[in-house]
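Participant:
Chains as they are written, first to last, in my numbering: chain L, 165 to 299; chain V, 165 to 299.
Shown next, in the form of structure tokens:
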């Protein structure tokens with residue numbers, strides 16, 4: 165509870181962007197409630213997400229806009245966008261095309277469970293990545 | 165998809181901690197699937213969360229361990245801990261004591277919805293914060 169969001173500000177200015185101009189984004193499947201990914205947005209990607217109603221993130225590794233599904237076809241159709249009490253995170257509710265959000269071919273990126281003192285893959289691969297990322 | 169998590173590493177070393185030694189943590193109600201908060205952990209808070217099966221975060225504003233519920237009584241009992249494909253975020257599944265995660269007295273911190281070009285509070289206050297944070 166650092167600084168509460170001021171809803172009277174212009175909506176993009178009300179958010180607390182980090183030192184790199186980014187905000188973390190939780191994406192959740194609207195139907196099942198399954199949390200699919202944690203990704204990042206800058207102002208441009210959030211505005212673009214609202215404009216086209218599809219999730220557009222900022223890829224920190226590639227340092228460019230990342231239109232989710234641009235290679236895999238696994239587009240996320242945005243149903244709802246929320247922020248939290250202090251405006252430093254976003255929550256997208258989406259319909260996940262193909263039922264696969266993860267580049268490993270799983271429904272969700274959160275497939276490693278802690279068991280004892282190890283991470284164990286707990287979810288099945290639904291589609292071989294070789295069949296997702298075809299040239 | 166920067167660097168995939170290597171599950172053969174010791175579990176705390178397998179995670180990708182940021183420059184401040186932190187990792188973002190999504191917390192989700194086990195029963196309803198509602199996303200409650202996005203908070204942060206360092207190694208010590210994650211180890212402590214596993215040890216006592218209650219959510220212990222790192223408060224960035226107070227720069228100290230934050231045992232969720234220490235003031236409000238709204239403890240989070242941890243049922244499951246997951247990480248994602250590249251090990252740079254955590255997902256906790258919890259039972260939220262009191263049914264309130266937010267310091268504003270709401271179930272979830274994600275109560276602001278974007279409507280047009282404004283953030284609008286979309287969820288009811290379940291308990292007046294004055295009655296939560298009593299000395």
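C-beta atoms are modelled at their ideal positions from N, C-alpha and C, and glycine is treated no differently.
Please read these numbers as outputs of a predicted model, since none were measured by experiment.
1. With distance defined between alpha-carbon atoms, name the residue in 238(L), 228(L), 168(L), 207(L) nearest to residue 185(L).
2. Look at residue 257(V) and residue 266(V) and say whether their C-beta atoms are less than 9 Å apart.
3. List the whole-angstrom C-beta distance separating residue 180(V) from residue 217(V), where the pair is believed to meet the contact cut-off of C-beta under 8 Å.
4. Using alpha carbons as the reference points, say which of 231(V), 292(V), 263(V) lies closest to residue 196(V).
5. Identify every residue that forms a DSSP beta bridge with residue 244(V).
6. At 9 Å on the CB atoms, spell out the chain L contacts of residue 246(V), in chain order.
7. Does DSSP put residue 190(V) in a helix, a strand or coil?
8. Would you say the region 270 to 288 of chain V touches the region 245 to 255 of chain L, given that touching needs at least three Cβ pairs under 8 Å?
9. Residue 176(V) to residue 224(V), Cα distance in whole Å?
10. Would you identify the three-state DSSP class for residue 207(L), choosing helix, strand or coil?
11. Judging by CA-CA distance, which residue of 200(L), 193(L), 205(L) is the nearest neighbour of residue 187(L)?
12. Report the rounded CA-to-CA distance for residue 165(V) versus residue 222(V), giving the unit in angstroms.
13. Quick check on residue 214(L): does DSSP put it in helix, strand or coil?
14. For the region 189 to 215 of chain L, enumerate the residues whose C-beta is nearer than 8 Å to any C-beta of chain V, in chain order.
Facilitator: By the coordinates alone:
1. Taking the first chain and counting its residues from 1, one reaches residue 185(L) at position 21. Nearest option by C-alpha distance: 207(L).
2. Walking along the second chain from the start, residue 257(V) turns up at place 93. Walking along the second chain from the start, residue 266(V) turns up at place 102. No, they are not a contact pair.
3. As a position in the second chain, residue 180(V) is number 16, starting the count at 1. As a position in the second chain, residue 217(V) is number 53, starting the count at 1. That belief does not hold up - the Cβ atoms of residue 180(V) and residue 217(V) are roughly 24 Å apart, past 8 Å.
4. Your numbering for residue 196(V) matches position 32 in the second chain. Nearest option by C-alpha distance: 263(V).
5. Against the second chain, residue 244(V) aligns to sequence position 80. Residue 244(V) pairs with 257(V).
6. On the second chain, position 82 is the one that residue 246(V) refers to. Result: 199, 272, 274, 275, 276, 277, 278, 283, 286.
7. Counting from one through the second chain, the residue named residue 190(V) turns up at place 26. It is a strand residue.
8. yes
9. Position 12 of the second chain, counted from the first residue, corresponds to residue 176(V). Position 60 of the second chain, counted from the first residue, corresponds to residue 224(V). Roughly 20 Å between the two C-alpha positions.
10. As a first step, residue 207(L) is located in the first chain; it is residue number 43 there, counting from the start. In the structure shown, residue 207(L) sits in a helix (DSSP, three-state: H, G or I).
11. Counted from its first residue, the first chain places residue 187(L) at position 23. Measuring from the Cα of residue 187(L), the nearest candidate turns out to be 205(L).
12. Residue 165(V) sits at position 1 when you count from the first residue of the second chain. Residue 222(V) sits at position 58 when you count from the first residue of the second chain. Because residue 165(V) sits at a pLDDT of 44, beneath the cut-off of 50, its placement in the model cannot be relied upon, and the following sentence gives the value as read from the coordinates. Using only the alpha carbons, I get a separation of about 25 Å.
13. If you number the first chain from 1, residue 214(L) lands on position 50. Helix, per DSSP.
14. 190, 192, 196, 197, 198, 199, 201, 202, 214
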